[in-house]
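See below for the structure under consideration.
Numbering (the working numbering), first residue to last: 84 to 566.
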């Protein structure tokens, strides 16, 4: 009797088929998930554009922006900085141009809204999804949820400033604020000088506060220190304005890699920036005296500090020397008594120490723009260096001159960037000019310009300075032109 044989899949074949089907199903799920994510991002962007248009129409008729729903006052030192909340029915009833409250298509969160204390600037924010598995989605197990770099902020609005002015009856302050949206609102809504906060700005990982607890927040949040940079109600001198701008530039150096802040450091002492800053301060309630505006438009002539190292009998330590005008002096940045002396009407190096000295003109240099000139009497078989915007040995512009040529460089955080390295013999008795104007460095020898370099990336503050390398190096006829 013959047995009937039937064909069937082996166990291995079944496993292969099931695996293929699982892969195809996963790919289909991922493709569908990516489609949904893109659709949600498009929906959020559309909402933001509608809100932006409605807010623009509202301020043209009302001259102010509407306050948010669920408002939380953000205060500094007892004064209102801005009001933070959400876009709800209250906002919609005021602008009267949106039919229903917009909410996030993934988690149902209302969009965040902050309005500056003047009510003439605002910022609104939602999120945009970057990963597929994002949010506390009940369909996807929590262990699969993307908890790192899943969302970035999507911010609109006309808050484009770098600081916030706070005006009360008796007190005025200006504080640094890269955004008027806080990802985490501090207790009582009070922000404190010197404390750090997570600001929500465009494309950051600091998601809007209205999404808190609704999505998986990334661990890659960015916090920035809030600093008070002005504490007066009236700016009565150009130096007060420059000090304010210097503090502003210094405190925003951490933002150098972000749009809107990259050029701030070198812009801060240009005429255009000063006029714009003065106008914004006035609009926000800080008074600017007319003499300050006149000084910006028509600055006073440059002053000149001169020292020919004359009228010295014998040898004189540089620290005890009086300059030609009788009021200036020399100070050591890291030099000690005896490193430099004045002998035979020349400034002379007496030790091999790496010691830097600066002219100390009176009144003090009030601008980062200046030019120094000096005559090299003796290289001493070594190098003579001149510094611009010197803050320390790790941060400055520098000219290094030897008899065989020169190097122009910038040092930031101890790292050098070389602009020029030229073999061009320079003899004893040559007169050197080294200066900076805004972001341009100039260098000349005996009245002939050698370099005109556009440079950037260093604070606007800092001293002019000198360093003579070898024992016996000498210079003469030093002058510093400055405001």
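All C-beta atoms in this analysis are idealised placements derived from N, C-alpha and C, irrespective of residue type, glycine included.
>> Three or more C-beta pairs under 8 angstroms: does that hold for the stretch 174 to 193 against the stretch 264 to 276?
In response: no
> What residues in its chain sit with their C-beta under 8 angstroms from that of residue 554, if we drop five residues either side in the sequence?
Replying inline: 432, 433, 434, 435 and 463
> DSSP puts residue 484 in a beta bridge; with which residues?
Replying inline: 467 and 489
>> Using 7 angstroms as the threshold, is the C-beta distance between residue 518 and residue 474 below it?
In response: no
> Can you round the beta-carbon distance between residue 257 and residue 251 to whole angstroms, since I take them to be within the 8 angstroms contact cut?
Replying inline: 13 angstroms between Cβ atoms; not a contact.
>> If I follow the unbroken alpha helix (DSSP H) through residue 375, where does it start and stop?
In response: 373 to 380
>> Please classify residue 477 as buried or exposed, where buried requires at least 16 other C-beta atoms within 10 Å of its C-beta.
In response: exposed
>> For residue 212, tell me which candidate among 402, 507 and 287 has the shortest Cα-Cα distance.
In response: 287
> Is it buried or exposed for residue 240, if we count other Cβ within 10 angstroms and need 16 for buried?
Replying inline: buried
> What's the gap between the Cα of residue 201 and the Cα of residue 139?
Replying inline: 16 angstroms
> Can you tell me whether residue 176 is buried or exposed, with buried defined as 16 or more other CB within 10 angstroms of its CB?
Replying inline: exposed
> Hey, residue 418 and residue 440 are a contact pair by Cβ (cut 8 angstroms); roughly how many whole angstroms apart?
Replying inline: 5 angstroms
>> For a quick check, are the C-beta atoms of residue 197 and residue 263 less than 7 angstroms apart?
In response: yes
> If we count the other Cβ atoms within 10 Å of its Cβ and call it buried at 16 or more, is residue 421 buried or exposed?
Replying inline: exposed
> Is the stretch 315 to 326 touching the stretch 280 to 297, taking contact as three or more C-beta pairs under 8 angstroms?
Replying inline: no
> For residue 520, which of helix, strand or coil comes out of DSSP?
Replying inline: strand
> Would the stretch 422 to 430 and the stretch 398 to 406 be scored as touching if the rule is three or more Cβ pairs under 8 angstroms?
Replying inline: yes
> Can you check whether the CB of residue 491 is closer than 7 angstroms to the CB of residue 482?
Replying inline: yes
> What is the DSSP secondary structure of residue 310, counted as helix, strand or coil?
Replying inline: coil
> When you compare only the Cα positions, how much space is there between residue 362 and residue 499?
Replying inline: 37 angstroms
> Do residue 283 and residue 208 come within 7 angstroms of each other at the CB atom, strictly closer than that value?
Replying inline: yes
> From this set, 238, 536, 205 and 325, which residue's C-alpha is nearest residue 501's C-alpha?
Replying inline: 536
>> So for residue 167, helix, strand or coil by DSSP?
In response: strand
>> Beta-carbon within less than 6 angstroms of residue 514's beta-carbon, same chain only, minus the 5 sequence neighbours each way: which residues are those?
In response: 458 and 529
>> So, with DSSP's three-state summary, where would you put residue 176?
In response: helix
> In whole angstroms, what separates the C-alpha of residue 341 from that of residue 304?
Replying inline: Here residue 341 scores only 43 on pLDDT, less than 50, and its place in the model should not be relied on; the value that follows carries that caveat. Between residue 341 and residue 304, the C-alpha separation is close to 15 angstroms.
> Should residue 254 go down as buried or exposed, given a rule of 16 or more other Cβ atoms within 10 Å for buried?
Replying inline: exposed
> Which of helix, strand or coil does DSSP assign to residue 126?
Replying inline: helix
> Does the distance from the CB of residue 150 to the CB of residue 166 come in under 7 angstroms?
Replying inline: yes
>> Between which two residues does the alpha helix (DSSP H) holding residue 366 run?
In response: 354 to 366
> From this set, 127, 238 and 545, which residue's C-alpha is nearest residue 189's C-alpha?
Replying inline: 127
>> Using the Cβ count rule (16 or more neighbours within 10 Å means buried), how would you classify residue 192?
In response: buried
>> With distance defined between alpha-carbon atoms, name the residue in 383, 321 and 416 nearest to residue 358.
In response: 321
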